[in-house]
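These protein sequences, in sequence, are chains A and B.
My numbering puts the first residue of the first sequence at 35, with every later residue one more than the last.
My numbering puts the first residue of the second sequence at 35, with every later residue one more than the last.
Reviewing the structure listed below.
There are 2 protein chains.
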Amino acid sequence: MEPHEPHADLDAPRALPALDPRSILIFREVGRTGSLTGAAQVLGWTQPAVSQHVRRLEAAAGVPLLAREGRGVVVTDAGRALLRHADALAAALHDAEHELADHAHLRAGRVRIASFPSASATIAARAVSDLAERFPGIDLRLEQLEPPEALRALEEGACDIAIVFEYDDGHVSVPADADRTPLAVDPLQIVLPPGHPLTARAEIRLDDLADEQWVTGCISCRRHLLTSTSAAGFTPDIRHSTDDYVVVQALVATRMAVAVLPSLALRASRNPDVTVHPLADHAPRRVSAITRRSARSVPSVGAALAAIQRAAQALDAH
Amino acid sequence: MEPHEPHADLDAPRALPALDPRSILIFREVGRTGSLTGAAQVLGWTQPAVSQHVRRLEAAAGVPLLAREGRGVVVTDAGRALLRHADALAAALHDAEHELADHAHLRAGRVRIASFPSASATIAARAVSDLAERFPGIDLRLEQLEPPEALRALEEGACDIAIVFEYDDGHVSVPADADRTPLAVDPLQIVLPPGHPLTARAEIRLDDLADEQWVTGCISCRRHLLTSTSAAGFTPDIRHSTDDYVVVQALVATRMAVAVLPSLALRASRNPDVTVHPLADHAPRRVSAITRRSARSVPSVGAALAAIQRAAQALDAH
DNA sequence: GAGAAACCAAAGCACCGCTAATGAATGGGG
DNA sequence: CCCCATTCATTAGCGGTGCTTTGGTTTCTC
Chain A
35 MEPHEPHADL DAPRALPALD PRSILIFREV GRTGSLTGAA QVLGWTQPAV SQHVRRLEAA
95 AGVPLLAREG RGVVVTDAGR ALLRHADALA AALHDAEHEL ADHAHLRAGR VRIASFPSAS
155 ATIAARAVSD LAERFPGIDL RLEQLEPPEA LRALEEGACD IAIVFEYDDG HVSVPADADR
215 TPLAVDPLQI VLPPGHPLTA RAEIRLDDLA DEQWVTGCIS CRRHLLTSTS AAGFTPDIRH
275 STDDYVVVQA LVATRMAVAV LPSLALRASR NPDVTVHPLA DHAPRRVSAI TRRSARSVPS
335 VGAALAAIQR AAQALDAH
Chain B
35 MEPHEPHADL DAPRALPALD PRSILIFREV GRTGSLTGAA QVLGWTQPAV SQHVRRLEAA
95 AGVPLLAREG RGVVVTDAGR ALLRHADALA AALHDAEHEL ADHAHLRAGR VRIASFPSAS
155 ATIAARAVSD LAERFPGIDL RLEQLEPPEA LRALEEGACD IAIVFEYDDG HVSVPADADR
215 TPLAVDPLQI VLPPGHPLTA RAEIRLDDLA DEQWVTGCIS CRRHLLTSTS AAGFTPDIRH
275 STDDYVVVQA LVATRMAVAV LPSLALRASR NPDVTVHPLA DHAPRRVSAI TRRSARSVPS
335 VGAALAAIQR AAQALDAH
């Protein structure tokens, strides 16, 4: 009666099993074919190679796995026991390979996209429907977040792709290990009520609207408007404020105010009772997709990014 | 849409998985510790070794498993999927190791012993009870077979140890790849009814019994008796025949016949109404255990063989 | 009894896989 | 705010694993 197992040297910090799983799989082929030579042929190896694997297994196990019976071999009781576990092992391995292949070939995966409202309704919506049709297995999640919150989510690992916009004077801080993919240049438009005197003008400048009452959009847009009007030499009379571009247009349509809206918002929803005019001499906002650098090589994220780019280009071509 | 998987080259006859199971187990440690360095410490390796394993896995899978996040790494979705399967894999491996260790340390296994009657009642019975006590996990099976049938069972793989006897003129054919373990020298005894005239003699020879009526044992014993009496110059008057040594002694006790029985049979069961006398000038039968050569290294068979040897020696020492 | 088939044994060698050393990037602490 | 500690990537190098080759033994078959 031995006090303890002679093979279990606990001083060495190894965690790998004494039985080489590869050898077990090879032994499984021996069990399937019933001979070392047969297994070698299946594996595309020579017979001694297989023989050595079995020998190593037997040395590690301390039990004969094969009984050499003259010509040929017979699996022992212990060998049969190992073969049962070998099936479980092969199954686990097979399942693992398939699940990873699913991820690699876009039959599985998850992409969490964060986007601001007007891009959600345009670029993201198209991209998501495109992806869902092409790759039904991918778990797509779209969350509506303004750029700063989207980037924070990206940094926290709460999303994979952040669709954001920024003005040239933008305060958007992109994480250090992130990549920016330009999606679109989104010029600003002046939105006027029908019959407004300026609608006849070929070109409208910001200071043409110095005496109007205003409705502004989201915080960034409002801040940018203030910067721009300040540069133009006046302070706008802001009467209403909402981040909902449908509401902005409704207010304009009812002649309560004028507004500046990005083209993208107007593509998302256009009130027929307003007129839209290019804003001369004014830098557009830039729309881009931000991803963590390490996420780009994830197939599902890469495919989603490509779909977002396609959607943006399709939108650009009217 | 691709017509088929680019990685599945069916022309090559390989059956081994693209994902090295060892690497998967290493990656499992990465998942457990949360870092490459931590896994390396657990494994007793350097960090680049672990890093290379993960890199190889990622190349084989076509999916990143870790996201390199500045200092440290984070497991990706695909990595988490792999870790789930890695647990199943490790469990299968763990179970396999334990079951083989059970076989190696005699906590599991099977031994099928074939033995002739008088050895079953003596040597085999003691050995089996000894083994059952020492190693409760071993599945012990004893079958009663005369030597020729026992050897045939051994050859067919229907038993692991055959306990047989043979006379010097024995016709027992031992298989080519079998080992013989001598167990005992089993002298023959003359069995006489109480009060028989010869019981007073110091030494009895076979031809002293030429005029008696006989009862014989099993076929081999009967054949050997005929050979011996022929050499002694007479033909015995055989009136009764049975392979049951209890019956033989009963017939002798009722003065129906005399008999020759091996000592082992008399050790197994001794009728108090008979007297037993050494048979001078007569070769004993030899009792031995036969095993296939390949079976001797099977722990349970080896332990059983040792127990049988111990039982035979204990019996020999009265 | 000769040949074929299957396995074992030993030697050789290529390549796998680990180590060592270095560099880069990040995050925490004085 | 700078510096140091920590973590991972990269490269070169080399030792040992593991496969092949060759030859031999045993057994089954014709």
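Where a beta carbon is used, it is the ideal one built from N, C-alpha and C, also for glycine.
Are the Cβ atoms of Ala-52(B) and Ile-60(B) separated by less than 8 Å? no
At what residues does the beta strand (DSSP E) containing Val-84(A) begin and finish? Per DSSP, Val-84(A) lies in no beta strand (DSSP E) segment; the continuous alpha helix (DSSP H) that holds it begins and ends at 81 to 95.
When burial is assigned at 16 or more other CB atoms within 10 Å of the CB, is Thr-156(B) buried or exposed? buried
Secondary structure of Thr-233(A), DSSP reduced to three states: Per DSSP, reduced to three states, the secondary structure at Thr-233(A) is helical.
Is it true that the CB of Tyr-279(A) sits closer than 8 Å to the CB of Leu-260(A)? no
If we ignore side chains and look at the alpha-carbon of each, how far apart do Ala-125(B) and Gly-65(B) end up? 16 Å
Under the three-state reduction of DSSP, which class applies to Phe-61(B): helix, strand or coil? Per DSSP, reduced to three states, the secondary structure at Phe-61(B) is helical.
From what residue to what residue does the alpha helix (DSSP H) around Arg-160(A) run? Here the alpha helix (DSSP H) through Arg-160(A) covers 159 to 168.
Boundaries of the beta strand (DSSP E) in which Ser-275(B) is found, first to last residue: 271 to 275
Let me know the secondary structure DSSP gives His-128(B) once reduced to three states. Note: His-128(B) maps to helix in three-state DSSP.
Could you tell me how far apart the beta carbons of Ile-197(A) and Ser-149(A) are, in whole angstroms, since I believe they sit closer than 8 Å? About 4 Å; that satisfies the 8 Å criterion.
Cα-Cα separation between Glu-133(B) and Ser-264(B), rounded to whole angstroms: 57 Å
Close-in-space but distant-in-sequence residues of the same chain around Arg-175(B) (CB under 6 Å, 5 per side omitted): Arg-146
Quick check: is the beta carbon of Ala-93(A) nearer than 8 Å to any beta carbon in chain B? no
Could you please tell me which residues of the stretch 181 to 214 of chain B, in chain order, have their CB closer than 9 Å to any CB of chain A? Listed in sequence order: Gly-191, Ala-210 and Asp-211.
Out of Ser-328(B), Pro-333(B), Ser-297(B) and His-311(B), point me to the one whose CA is closest to Pro-318(B)'s CA. Ser-297(B)
May I ask you to list, following chain order, the residues of the stretch 313 to 341 of chain B that have a beta carbon less than 9 Å from some beta carbon of chain A? Arg-326, Arg-327, Ser-328, Ala-329, Ser-331, Val-332, Pro-333 and Ser-334
Measure from the alpha carbon of Gly-229(B) to the alpha carbon of each residue in Thr-80(B), Ala-337(B) and Val-310(B), then state which is nearest. Val-310(B)
With H, G and I counted as helix, E and B as strand and the rest as coil, what does DSSP make of Ala-49(A)? coil
Inspect the beta-carbon positions of Val-249(B) and Val-308(B) and report whether they are closer than 8 Å. no
Give a yes or no on contact between the stretch 103 to 110 of chain A and the stretch 66 to 86 of chain A, applying the rule of three or more CB pairs nearer than 8 Å. yes
Simplified DSSP assignment, three categories, for Val-310(B): Strand, per DSSP.
Does the beta carbon of Arg-144(A) come closer than 8 Å to any beta carbon on chain B? yes
Who does Gln-223(B) pair with in a DSSP beta bridge? Leu-295(B) and Pro-312(B)
Would you mind sorting Ala-210(B) into buried or exposed? The rule is 16 or more other CB atoms within 10 Å of its CB. exposed
Pairwise C-alpha distance: Cys-193(B) and Glu-183(B): 11 Å
For chain A, check one thing: does any of its Cβ atoms lie closer than 8 Å to the Cβ of Glu-63(B)? Taking Cβ atoms only, chain A reaches closer than 8 Å to Glu-63(B), which makes this a yes.
Under 8 Å between the Cβ atoms of Ile-195(A) and Ala-337(A)? no
Asp-129(B) versus chain A: which residues are under 7 Å apart at the beta carbon? For the C-beta of Asp-129(B), the chain A residues within less than 7 Å are, from N- to C-terminus, His-119.
Enumerate in chain order the residues of its own chain whose CB-to-CB distance from Ala-299(A) is below 7 Å, with the five nearest sequence positions on each side excluded. Ser-152 and Tyr-279
I think Gln-247(A) touches Asp-213(A), with their Cβ atoms under 8 Å apart; what is that distance to the nearest whole Å? With a Cβ gap of about 42 Å, Gln-247(A) and Asp-213(A) do not count as contacting.
So, under 8 Å CB-CB, Ala-314(B) and Arg-239(B) are touching, yes? Tell me the CB distance rounded to an integer number of Å. Confirmed, Cβ separation roughly 6 Å.
Per DSSP, which one or two residues make a beta bridge with Pro-216(A)? Paired residue(s): Ser-322(A).
Burial state of Phe-268(B), where buried means 16 or more other Cβ atoms lie within 10 Å: exposed
Alpha carbon to alpha carbon, how far is Leu-50(B) from Ala-158(A)? Give it in angstroms, no decimals. 42 Å
What is the DSSP secondary structure of Arg-118(A), reduced to helix, strand or coil? helix
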